[in-house]
Amino acid sequence: MYFLLANLSLVDFCLATNTVPKMLVNIQIRSKSISYPCCLTQMYFLHFFGIMDSILIAMMAYDRFVAICHPLYYTTIMSPRLCGLLAGGPWVFSCFISLAHILLMARLVFCGNNRLPHYFCDLTPLLRLSCTDTSVNKIFVFIVAGMVIATPFICI
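In this text, residue positions in the sequence shown follow the working numbering: the first is 11, and each later residue adds one.
Have a look at this one:
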């Protein structure tokens, strides 16, 4: 229980510190610019920690279910190996999904006005700037969003 909670608190901390410092600097110096490599890096970690947060909460729901419904068997069911798998699975899954997002974004070509009126980099506004076909990216976004939304409900 506390192992998954520690993982969730680390992920929440990293999710908040991914965008907020750059956003605060941009607000303070009244600039909204971010370089493309920094944008991709920020987007990778935003998706990585966002996906992981959602899946870890589902894993914690299973942990709570076992603790409430089977309190005497909790230590047997939630072995250190299972806790490691429940915590490690979201790390691996989030890494691959976020990497796939970034690799699909890196192949896009941008032309014309390449300025986003945003304080941090996000996927949807960046897709609108591209002058190449973004249908593969959009399909991938819908598939991943469906998986990330459905996975916690299936796991619970």
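Where is the CB? At the ideal position from N, CA and C, for every residue including glycine.
Between the Cα of C131 and the Cα atoms of A160, N17, T29, which residue gives the shortest distance? T29
Which of the three DSSP states is assigned to S41 in this structure? coil
Where DSSP assigns a beta bridge to F58, which residues make up the other side? None, per the DSSP bridge assignment.
Runs of 4 residues minimum, wholly inside the stretch 98-149: which ones carry the alpha helix (DSSP H) assignment? 133-139
For Q17, I'd like the list of residues in its chain whose CB is within less than 7 Å of its CB, leaving aside the five on either flank, ordered along the chain. One detail in the question is off: residue 17 reads as Asn in this sequence, not Gln. Taken in chain order, the residues that qualify are L66, A97.
Option nearest Y54 by Cα separation, candidates S41, P162, L137, M115: M115
P162 versus G60, S64, K42, residue with shortest Cα-Cα distance: S64
Please go through the same chain and pick out, in chain order, the residues whose beta-carbon is closer than 6 Å to the beta-carbon of C121, but skip the five residues on each side of it. C141
Backbone secondary structure at S89 - three-state DSSP: coil
Compute the beta-carbon to beta-carbon distance between S108 and F58, rounded to the nearest angstrom, for a pair I have assumed lies under 8 Å. 4 Å
Residue environment, H80, which counts as buried when at least 16 other CB atoms sit within 10 Å: exposed
Nearest to L14 (by Cα), restricted to the options L34, L126, A71, Q38: A71
What's the C-alpha gap between M62 and N123? 33 Å
Per-residue burial, D143 [other beta carbons within 10 Å of its own, 16 or more giving buried]: exposed
With 16 other Cβ atoms within 10 Å as the buried cut-off, status of V21: buried
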